[in-house]
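With the first letter of the sequence shown counted as 1, position 305 gets the number 305 in UniProt numbering; the numbers rise by one all the way through.
For every residue, glycine included, the Cβ atom is placed at its ideal position computed from N, Cα and C.
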Amino acid sequence: MTCRSPCLRVFALRKGAPCGPLIPPDRRHEELELSIMESQKSRRRRGPPTQEPPQSPKQVAPQPPPRPWLTWSLATVLLLGLTYFLRPDIYLTNWIGPLLGHGHLQGLADDIDQEATLRPRIELHPEHHVYRAPVTHYLDWRVTTGQRRPDGVLKEVFLINDLFPGPTIEARSGDTLVITVINSMTEHPVALHWHGLHVPNGVDGAAAVSQCPIAPGAQYVYNVSLPATQSGTFWYHAHAGVSRGDGLYGGLVVHAPASKSTVRGLMARGGSDLDRYGYDKELLLLIGDWYHPPAEDVLAWYKNPGNFGNEPVPDSLLVNGVGKFDCGMAVRARPLDCIPHLMDSSFLNLDPNRSYRIRVVNTGSLGGFSLDFDRENLELLQVDSVDVERSQQKDVNRVGILYPGQRMDFVLRPSAKEGKGPSSMMVELDQECFKYMNPALTPDQLFPIYYNGISDPDRMTLVPSIRNKLNIQEIPSSASILATLPEKADETHVVYTKIQKMARNNNSPYGYFNMTTWKPQSDPLVPLIALPRENWDANQFSLTTGPGSRWVDLVVNNLDEGPHPFHLHGHHFFILAIHESTFGWGSYNPFEDPVPTGFDAETDPAQPYDLSRAALRDTVQIPSRGYAVLRFRADNPGIWLFHCHILWHLATGMAMLIDVQGDPAGLVAHDASVLPAGEICPPLRA
Ligand SMILES: [Cu+2]
1 MTCRSPCLRV FALRKGAPCG PLIPPDRRHE ELELSIMESQ KSRRRRGPPT
51 QEPPQSPKQV APQPPPRPWL TWSLATVLLL GLTYFLRPDI YLTNWIGPLL
101 GHGHLQGLAD DIDQEATLRP RIELHPEHHV YRAPVTHYLD WRVTTGQRRP
151 DGVLKEVFLI NDLFPGPTIE ARSGDTLVIT VINSMTEHPV ALHWHGLHVP
201 NGVDGAAAVS QCPIAPGAQY VYNVSLPATQ SGTFWYHAHA GVSRGDGLYG
251 GLVVHAPASK STVRGLMARG GSDLDRYGYD KELLLLIGDW YHPPAEDVLA
301 WYKNPGNFGN EPVPDSLLVN GVGKFDCGMA VRARPLDCIP HLMDSSFLNL
351 DPNRSYRIRV VNTGSLGGFS LDFDRENLEL LQVDSVDVER SQQKDVNRVG
401 ILYPGQRMDF VLRPSAKEGK GPSSMMVELD QECFKYMNPA LTPDQLFPIY
451 YNGISDPDRM TLVPSIRNKL NIQEIPSSAS ILATLPEKAD ETHVVYTKIQ
501 KMARNNNSPY GYFNMTTWKP QSDPLVPLIA LPRENWDANQ FSLTTGPGSR
551 WVDLVVNNLD EGPHPFHLHG HHFFILAIHE STFGWGSYNP FEDPVPTGFD
601 AETDPAQPYD LSRAALRDTV QIPSRGYAVL RFRADNPGIW LFHCHILWHL
651 ATGMAMLIDV QGDPAGLVAH DASVLPAGEI CPPLRA
């Protein structure tokens, strides 16, 4: 059988993979299970013929003597069968589960949520990517919405090819992704951003900046070239409206190719990250806070002046699209369609004789989190897809805080002291941004770690005791990364950001950079990439770099009462300094202040910044009443967003633009071909 569609060729690359529908290979067994279930249903649906064939008169045979054991056996089988159909959870939890290695099924449920148990485990396959030459992956994605119960509470979520979260992309550096996105919805516009990847501006996926949103019924092809210089954990997510908050996201893992190349582009075994760091397998964890109401309702609540600019506190948290929620904790004023939930937490079903690279993404809308492991130790490899300095600290079992948009990779191994065996992971939501109590939320949640499918319920009642912890904000990049950092920048810019509740905005909270709150370009309704800067509307605050590739220092002063995780599109930046003030505004202007605020010229000999401790990231948490000094090489031409990754802050304008290598006079657009002359975009929803 030959593959006719180009998209099938990708999966056919896998050894022995047959041509099939557009489903990633890690979904194949689930498809198989579904098809078996479906065929079983079909068989059940097939009723008896309506007309019984005429019975021919039969000779009556002599009856055998009654056999009571047979009657009892049949009755027992019938009873067991009836129990199975009425309470399958009893089978799954107590009998069949352990036999099938499904010891991870937790708790009882009155209803089994098939959708939530579909794919909590995302096991990656670096061996399919690190030893081969670059290829092009063709993917067709259909975006829809559907009702799901990720944590037992019914919610309409976004689906890509019927999946929530969306399909996981695995590739290697140098691959190309050709992704045709079809918006099959009637209301929501779509734009997808490839977070952390240095892609050309036209495929960055920021609606109103680098593209028109994909209108309902329309489609758009993202031709994403994965840079040869980038590998690590990334993710994709919606960048139009607030649909990211309702689940329009997925994992994107770019494996580093093995270092030794051989003839015909094939790579020799060895020289891969698996060998370099001594791990055997890879798992992806997409962890984030979760709201039960639709994200647009949550945003409306935040903008309501009666809520005084307090950020809405999430209701729950999800790991790979599943969570656990106690229906009894639902807020009375906001009744929920909630079903006691059978959670499949097989995302951490481990083999005791293997070590794992765990790739973690904070997919949440507001909160950061830390991870604690009970009997395992972790070794941090990367943050934001960049190698970090390897910590000399031993016996580390806590890492964080990972803020929205950020990623971290670490190797997880059983601790020699604690021994092997069933264990647990605690996700601890950072409550710094939670300004009021949401009784529905359990901010610290324990999830079992199974070994060979076996957990220990007693272990699940223990909060892991912290042996040693890593603060990812304090960890510099590796020496080879720091070697690329120049002593001085070519140009310096200073900006100020704050959330303000002003009378002219009816006291609703809006985020500002300098004096501008960002709104999607609307007058005219053309993405900024296709519009000369002189024609941008009044809602666009930007700075321009250039000419050519330049090193840029960006000093971001956060005058706000809260911290913000800022993300730069299309580039990574070195964090040179971060400061939080205990008094005053804590701001820093290098054009006026000889020494960075908060630093002492006598006790801090490295002036003005300690470059040996810099960290290359694409998202940085800037403290309240403080600042960060960011240095980046502005070498990717285009219009790039720099914005807070808290969804509610981005949606209320906490964003600005960096025009990289644009026309100094602002008279020429970067790429007017995005829209033919005279055309405009379909409108974004308010
Ligand atoms: Cu923010």
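Per DSSP, the unbroken beta strand (DSSP E) holding Leu446 starts and ends at Asp444 to Tyr451. Relative to ligand 1, His188 has its C-beta separated by 6 Å or more from all heavy atoms. Using a cutoff of 6 Å, the CB of Ile646 counts as near ligand 1, since one of the ligand's heavy atoms is closer than that.
The closest heavy atom of ligand 1 lies less than 6 Å from the beta carbon of Met654. Distances from the CA of Pro682 to each of Arg172, Val157, Arg121 and Ala207 were compared; the closest alpha carbon is that of Ala207. Taking the Cβ of His579 as the reference point, every heavy atom of ligand 1 lies at 6 Å or farther away. Note on Lys501: under 16 other CB atoms within 10 angstroms of its CB, so exposed under the neighbour-count rule.
By the 16-neighbour rule on beta-carbons within 10 angstroms, Glu156 is exposed. For Gly217, the CB contacts under 7 Å within the same chain, skipping 5 residues up- and downstream, are Asn183 in chain order. By DSSP's assignment, Phe164 forms no beta bridge with any residue. Under the 8 Å Cβ criterion, the segment 189 to 199 counts as touching the segment 224 to 236, having at least three qualifying pairs. Secondary structure of Asn514 (DSSP, three-state): coil.
In the three-state reduction of the DSSP assignment, Phe373 falls in the strand class. Exposed is the label assigned to Tyr436, since fewer than 16 other Cβ atoms lie within 10 Å of its Cβ. Contact check for Thr497 against Gly653 fails: the beta carbons are separated by 7 Å or more.
At least 7 Å separates the beta-carbon of Asp289 from that of Gly400.
Going by C-alpha positions, Leu441 is about 21 Å away from His649.
Excluding residues up to 5 positions away in sequence, Asn201, Ile529, Pro637, Gly638, Ile639 and Gly662 lie with their Cβ nearer than 7 Å to the Cβ of His670 in the same chain. If you check the CB distance, Leu378 and Leu350 do not come in under 7 Å. Taking 7 Å as the cut-off, the Cβ atoms of Phe410 and Leu429 do not count as close.
Pairing Lys519 with Gln607, the inter-Cα distance amounts to about 38 Å. Of the candidates Lys469, Arg504, Asp553 and Leu559, the residue whose Cα lies closest to the Cα of Phe513 is Leu559. Judged by DSSP secondary structure, Asp140 falls within the beta strand (DSSP E) whose first and last residues are Thr136 to Arg148.
In the structure shown, the three-state DSSP call for Met185 is coil.
Taken atom to atom, the span from the alpha-carbon of Glu418 to that of Tyr450 is near 15 Å.
Apart from the 5 residues on each side of it in sequence, Pro596 sits with its Cβ closer than 6 Å to the Cβ of Ala577, Tyr588 and Pro608 in its chain, given in chain order.
A heavy atom of ligand 1 is found nearer than 6 Å to the CB of His564. The C-alpha of Val203 is placed about 16 Å away from the C-alpha of Gly174.
The DSSP assignment places complete beta strand (DSSP E) segments of no fewer than 3 residues inside the segment 525 to 586 at 542 to 545, 550 to 558, 564 to 568 and 573 to 580, in order along the chain. When only Cα atoms are considered, Arg631 and Pro134 end up about 31 Å apart. Take the alpha-carbon of Ser415 and the one of Asp374: they are about 9 Å apart. DSSP, read as helix, strand or coil, puts Asn310 in coil.
In this structure, His567 has its beta carbon at no less than 6 Å from each heavy atom of ligand 1.
Judged by their CB atoms, Gly323 and Asp151 are nearer to each other than the 7 Å cut-off.
In this structure, DSSP gives Ile622 an extended state, which the three-state scheme calls strand. Distance between Ser522 and Pro623, taken at the CA atoms: about 32 Å.
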